[in-house]
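Engineer:
Residue numbers (the working numbering): 25 to 433.
#1: Please check the pair residue 256 and residue 334, which I expect to be a contact at CB under 8 Å, by giving their CB distance rounded to whole angstroms.
#2: Secondary structure at residue 239, three-state DSSP: helix, strand or coil?
#3: Rounded to whole angstroms, what's the CA-CA distance from residue 158 to residue 236? Just pull it up for me.
#4: Grouping DSSP H, G and I as helix and E and B as strand, with all else coil, what is residue 249?
#5: To test your reading of the DSSP string, which unbroken alpha helix (DSSP H) runs of 4 or more residues are found completely within the region 130 to 162?
#6: By Cβ distance below 7 Å, which residues in the same chain neighbour residue 220 in space, the five residues on each side in sequence not counted?
#7: Going by alpha carbons, who is nearest to residue 378 out of 273, 362 and 410?
#8: Based on DSSP bridge pairs, tell me the residues matched to residue 254.
#9: Output the boundary residues of the beta strand (DSSP E) element that contains residue 408.
#10: For residue 271, tell me which candidate among 204, 222 and 251 has the shortest Cα-Cα distance.
#11: Kindly identify the DSSP beta-bridge partner or partners of residue 174.
#12: How would you call residue 281, buried or exposed, if buried means at least 16 neighbouring beta carbons within 10 angstroms?
#13: In chain order, what residues of the same chain have a beta carbon less than 6 Å from the beta carbon of residue 298, not counting five sequence neighbours either side?
#14: Is the beta carbon of residue 146 sitting closer than 9 Å to the one on residue 231?
#15: Taking DSSP as the reference, what is the three-state secondary structure of residue 126?
#16: Do residue 239 and residue 416 come within 9 Å of each other at the CB atom, strictly closer than that value?
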């Protein structure tokens, strides 16, 4: 066998050199991950001239770029499906615990960017004879602007049962009757439930089953929501003030409620959220007004407790007038005039609307009472929003004028 000469070895080396160069300049690829960069390399071939190889290398360098995976928007990782939160527990049936919880709510409607709501609170011992009229009234507007609460004495029958917008709106109720503190307690119970139920409730209107609206919901809503004060009748110089103050005994109300602090007013009012909370928080005055009366024929705590309390705590925050129209002319039996079916018509509604509320004692025999001095409401022209007392048989004629008269404005 011939031995390789030095010349032959050099020739073999020169023949293998291009292949070695290719394997040397070609980088191994790596699997890209979230923290690595994707690079592109172009291998050199032995058929390219030196100039072409330089141009190829320059072009590859321009295309060589790093892609940051973090800059790519990826869909969020899937989260396990969470069940809806459980409903809040029902309000307690014990009054003391109920009032204690309600007294802790925020005194301002929340959330502030949400629309404020009106709370309509019906205190009744009978079915609601004007439910169809109220249905039309509430169906004029989204349900996000109001809430309904009913206190229905459980010792009475309700046939027909509450339905439509009134279905499932009865709170836990207890017996309530006139000439006792139970009617006042029922109103406080309604306030507590409304405070706890919805933080958006801003104004609280107390109504009876014989009440009807005098205007559309939108008119009522605009009138009440823009007000920063409660509408509650506050009378000082009534001829029967003393016998009502002494109905529990000559000195039973002392020292918490002096006679000069005692007030009288309609039991139907519209209160701000601030005043609703003041009432459910009160223990001091309620300890006196909750006492049983010795003389029943002068015992009307539902007409005395609320105006006395707010007069003592925040008279500047009140408009001393009720927005529920009532006719007491010539009445002495404790009941206002009842409008019968034959009296109902457009003229009656216009007459009730055209009346102006009575602001405190300003127009009683020309007296210049302390209420008149403290409340300068001679410039006010607040409209009546509701009216009572209507006979149940007035439902049909009221419905006949509901769309064209009552709910038109």
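All C-beta atoms in this analysis are idealised placements derived from N, C-alpha and C, irrespective of residue type, glycine included.
As the structure is a prediction and not an experimental result, all values here were calculated from the model.
Structural biologist: This is what the structure gives:
#1: Counting from one through the chain shown, the residue named residue 256 turns up at place 232. Counting from one through the chain shown, the residue named residue 334 turns up at place 310. The pair is a contact, with the Cβ atoms about 6 Å apart (cut-off 8 Å).
#2: Numbered from its first residue, the chain shown carries residue 239 at position 215. Three-state result, residue 239: coil.
#3: Reading the chain shown from its first residue, position 134 is the one you call residue 158. Reading the chain shown from its first residue, position 212 is the one you call residue 236. If I take the Cα positions, the gap works out to 8 Å.
#4: In the chain shown, counting from the first residue as 1, residue 249 sits at position 225. It is helical.
#5: 155 to 162
#6: Your numbering for residue 220 matches position 196 in the chain shown. If we look at residue 220 and ignore the five residues flanking it on each side, its Cβ neighbours are 115, 125, 126 and 129.
#7: The residue you call residue 378 lines up with position 354 of the chain shown. Comparing Cα-Cα distances from residue 378 to each of 273, 362 and 410, the minimum goes to 410.
#8: If you number the chain shown from 1, residue 254 lands on position 230. 342, per the DSSP bridge assignment.
#9: As a first step, residue 408 is located in the chain shown; it is residue number 384 there, counting from the start. It is not in any beta strand (DSSP E) - residue 408 carries neither H nor E in the DSSP assignment.
#10: Position 247 of the chain shown, counted from the start, is the residue given in the question as residue 271. Checked all of 204, 222 and 251; the closest Cα to residue 271 is 204.
#11: On the chain shown, residue 174 is found 150 positions in, with the first residue counted as 1. 146 and 194.
#12: Taking the first residue of the chain shown as position 1, residue 281 is located at position 257. Buried.
#13: On the chain shown, residue 298 is found 274 positions in, with the first residue counted as 1. Taken in chain order, the residues that qualify are 131.
#14: If you number the chain shown from 1, residue 146 lands on position 122. If you number the chain shown from 1, residue 231 lands on position 207. It is a contact, given that the beta carbons lie within the stated cut-off.
#15: Taking the chain shown and counting its residues from 1, one reaches residue 126 at position 102. Helix, per DSSP.
#16: Start at 1 with the first residue of the chain shown, and residue 416 comes out as number 392. Start at 1 with the first residue of the chain shown, and residue 239 comes out as number 215. Their beta carbons are not under 9 Å apart, which means residue 416 does not touch residue 239 by this criterion.
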